[in-house]
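To start, the structure itself, in structure tokens.
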Amino acid sequence: MSRPVTVSCLTAVPLTIGADVSVDEVIDREIAHWAERLEAVLPDRPDIIVLPEAADRPDSTGFRTDRQHEYYVHRGMRVRDYFSSRAAENGCYIAYSSGLIDDDGKRNATQIIDRSGAIVGEYVKNHPTVPENEEIGLEYGTGPTVFNLDFGRVGAAICFDLNFEELRAQYAQAKPELIIFSSEYHGSLMQNYWAYSLRAYVAACIRPPAPSAIISPLGETLKESTNYFPHVTQRINLDFAVAHLDGNWEKLAAARKKYGPEVGVHDPGRLGSVLITSESSDFSAADIVKEFDIELLDDFLNRCRRHRAGKLAETAA
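The opening position of the sequence shown corresponds to residue 16 in my numbering, with each subsequent residue numbered one higher.
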């Protein structure tokens with residue numbers, strides 16, 4: 016059955032804070048700053064709002080490592096608690112990405128706040144840079160995290176993580192439907208590669224001037240922030256399947272003929288794969304795949320691998 020989800024990526028240029036400003040004043044300014052920014056996406060009634068990496072850290076050019084440490088310790092969870100109150104007030108999830116220092120250690124993490132304001136859990140950045148570990152003391156995360164939210168399975172990645180195949184491969188096994196990517200670094204084509212290779216949507220929330228974006232499981236950028244509006248909201252459908260066109264042309268046509276607009280088949284062009292969605296309240300994309308015996312992309316590729324291996328074995332014999 017159709018599972019529409021409204022996703023917002025909400026970002027901002029980090030605040031510039033003078034060295035003479037007290038830590039309490041910094042916290043108050045950050046909360047006021049994000050209170051103003053939230054008003055840009057709340058009218059869209061998002062199911063989840065994704066924030067950028069180190070969302071409430073001031074501009075590091077004037078807020079060096081020792082000051083950041085003091086800020087994180089003194090701040091505790093005050094900014095997160097503010098976001099929790101807004102999540103509860105608006106009935107949405109918020110992915111709060113920030114530097115954290117507490118009894119669990121010093122880490123760069125994304126915490127998921129649920130619709131009631133409670134903390135679902137956190138993902139710790141698996142791949143902080145070497146200087147972040149050696150000089151700042153950020154600890155390494157130990158693997159992927161998938162959150163089972165009320166609308167679907169959500170994974171997370173932060174900044175430098177996007178460069179590491181081993182983390183992407185672990186997520187491929189975990190099968191999230193949406194990856195939230197909070198980052199100072201854009202990632203370029205790696206965003207689209209992760210989306211297509213994981214068969215998952217990606218919500219990439221990036222610090223300006225680089226754009227934030229929502230990307231489909233076909234690796235296609237659906238919507239992107241602009242120089243005028245550094246936030247982006249997109250409605251996506253998590254009831255989907257990805258299939259290759261080979262062997263499926265007639266089956267897809269038959270499904271569309273029978274169900275009309277209740278079955279979506281989106282072709283991004285030049286890829287050979289399409290996104291199948293259920294736009295119905297009566298059946299799912301999986302039901303369509305089963306009814307019309309549609310071969311999914313991963314099954315198709317695995318069949319090709321087996322065929323090749325078999326033929327090579329015959330030749331070797």
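Even for Gly, the Cβ is constructed at its ideal location relative to N, Cα and C. Owing to the predicted nature of the structure, the values given are computational and were not obtained by experimental measurement.
With a threshold of 16 other CB atoms inside 10 Å of the CB of Ile309, please say whether the residue is buried or exposed.
Within a 10 Å sphere around the beta-carbon of Ile309 sit 16 or more other beta-carbons, which makes this residue buried.
Using a threshold of 6 Å, is the CB atom of Phe244 nearer than that to any non-hydrogen atom of the ligand PLP?
The model depicted lacks the ligand PLP and carries no ligand whatsoever.
Touch test, the segment 43-53 against the segment 267-281, Cβ-Cβ under 8 Å, three pairs minimum:
Verdict: no, contact absent.
Residue of Asp282, Leu57, Met92 minimising C-alpha distance to Ala70
Ala70 has its Cα closest to that of Met92, out of Asp282, Leu57, Met92.
Can the beta-carbon of Val28 be found closer than 7 Å to that of Pro226?
For Val28 and Pro226, no; Cβs fall outside 7 Å.
Look at the alpha carbon of Gly262 and the alpha carbon of Ala268, and state the distance between them as a whole number of angstroms.
Between Gly262 and Ala268, the C-alpha separation is close to 12 Å.
DSSP has Leu15 in a bridge; who is on the other side?
Residue 15 is absent from the model: the chain starts at 16 and stops at 332.
Thinking C-alpha only, which one of Lys190, Ile194, His322, Phe166 is nearest Ala172?
If we check each option's Cα against that of Ala172, Ile194 comes out closest.
According to DSSP, residues forming a beta bridge with Tyr138:
Among the bridge pairs identified by DSSP, Tyr138 is matched with Thr125.
Determine the DSSP secondary structure at Asp302, reduced to helix, strand or coil.
Residue state, collapsed to three classes: helix.
Buried or exposed for Arg321, going by 16 or more other Cβ atoms inside 10 Å?
That one is exposed.
To which residues of the same chain is Ala55 closer than 7 Å at the C-beta, ignoring the five residues directly before and after it?
Taken in chain order, the residues that qualify are Leu25, His246.
Under a Cβ-count criterion, where at least 16 other Cβ atoms within 10 Å of its own Cβ denotes burial, should Phe179 be classed as buried or exposed?
An exposed status is given to Phe179, since fewer than 16 other beta-carbon atoms sit within 10 Å of its beta-carbon.
In the DSSP assignment, what are the bridge partners of Gln249?
Beta-bridge pairing by DSSP links Gln249 to Val22.
With a Cβ-Cβ cutoff of 7 Å, do Lys266 and Phe307 count as a contact?
A contact, by the Cβ cut-off of 7 Å.
Look at the alpha carbon of Asp254 and the alpha carbon of Gly156, and state the distance between them as a whole number of angstroms.
Taking the straight line from one Cα to the other gives about 30 Å.
Mapping DSSP to helix, strand and coil, what is Val88?
Looking at Val88 - three-state DSSP - the assignment turns out to be helix.
Terminal residues of the continuous alpha helix (DSSP H) containing Val41?
Where Val41 is concerned, the enclosing alpha helix (DSSP H) stretches over 38-53.
Quick one: grab the DSSP three-state call for Asp314.
DSSP places Asp314 within a helical segment (H, G or I) once states are collapsed to three.
Once DSSP output is grouped into helix, strand and coil, what is the label at Phe4?
Here the chain covers residues 16 to 332 and nothing more, so residue 4 does not appear.
Close Cβ partners of Glu192 (< 6 Å) along its chain, the five nearest in sequence each way excluded
Correct list, in chain order: Gly167, Arg168, Ala215, Leu253.
Starting from Arg105, follow the beta strand (DSSP E) in both directions and report where the run begins and ends.
Just to set this straight, residue 105 is Asn in the shown sequence, not Arg. Per DSSP, Asn105 belongs to no beta strand (DSSP E); it is in the alpha helix (DSSP H), 93-105.
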